[in-house]
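Participant: The sequence shown begins at 5 in this note's numbering and counts up by one.
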Amino acid sequence: WLSYYPRNPPILNMWAADYIGQEHFVEVDMENGHPVHFTLKVISLRPRVFYISGLLLPSEIDHVIKISKDQVRRSAVGTANSGFVTDTRTSRTAWIKRTDTPTMNK
Numbered sequence: 005w006l007s008y009y010p011r012n013p014p015i016l017n018m019w020a021a022d023y024i025g026q027e028h029f030v031e032v033d034m035e036n037g038h039p040v041h042f043t044l045k046v047i048s049l050r051p052r053v054f055y056i057s058g059l060l061l062p063s064e065i066d067h068v069i070k071i072s073k074d075q076v077r078r079s080a081v082g083t084a085n086s087g088f089v090t091d092t093r094t095s096r097t098a099w100i101k102r103t104d105t106p107t108m109n110k
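1. Under a three-way DSSP split, which group does Val68 fall into?
2. Considering only residues of the same chain and omitting the five flanking positions on each side of Asn109, which have a CB-CB separation below 7 angstroms?
3. Report the rounded CA-to-CA distance for Lys45 versus Ala21, giving the unit in angstroms.
4. Identify every residue that forms a DSSP beta bridge with Asp104.
5. Could you pull out every residue in the same chain whose Cβ sits closer than 6 angstroms to the Cβ of Ser72, ignoring the five residues on either side in sequence?
6. Excluding the 5 residues flanking Arg93 on each side, which residues of the same chain have their C-beta closer than 7 angstroms to its C-beta?
7. Please work out which residues of its chain come closer than 6 angstroms, Cβ to Cβ, to Tyr55, disregarding the five sequence neighbours upstream and downstream, and give them in chain order.
8. Compare the beta carbon distance of Val53 and Thr43 with 9 angstroms and say whether it is the shorter of the two.
9. What is the rounded straight-line gap between the Cα of Leu60 and the Cα of Asp91?
10. What are the boundary residues of the beta strand (DSSP E) that includes Ile56?
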């Protein structure tokens, strides 16, 4: 976010990524009153990437792949209304909504 100065800092927590292998132990209170524990492990510093073991079940992973496979497109540069494809950005993206299927809305 610093590259967009004087943009406001993020309002959501950004976990530290000081070194590869750094771990954060996170407890999330679920609606049913039972806490869920996750471990975030740093696997890249720039870009900041974490591995979260056990976040999704194998069946949930398969479901996300299945429903997004036909939606994957070249990523655009710019805003939603004026984005364009360029050779400097070669990634692919698919946007799926939580409300697309009951499995996604868990």
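Where a beta carbon is used, it is the ideal one built from N, C-alpha and C, also for glycine.
Facilitator: The short version:
1. helix
2. Arg102 and Thr103
3. 9 angstroms
4. Answer is none; Asp104 lacks a bridge partner.
5. Ala98 and Ile100
6. Ser79 and Val81
7. These residues qualify, in order along the chain: Lys45 and Ile47.
8. The answer is no: Cβ separation not under 9 angstroms.
9. Each residue's alpha carbon lies about 33 angstroms from the other.
10. It spans Val53 to Ile56 - the beta strand (DSSP E) in which Ile56 sits, taken as one unbroken run.
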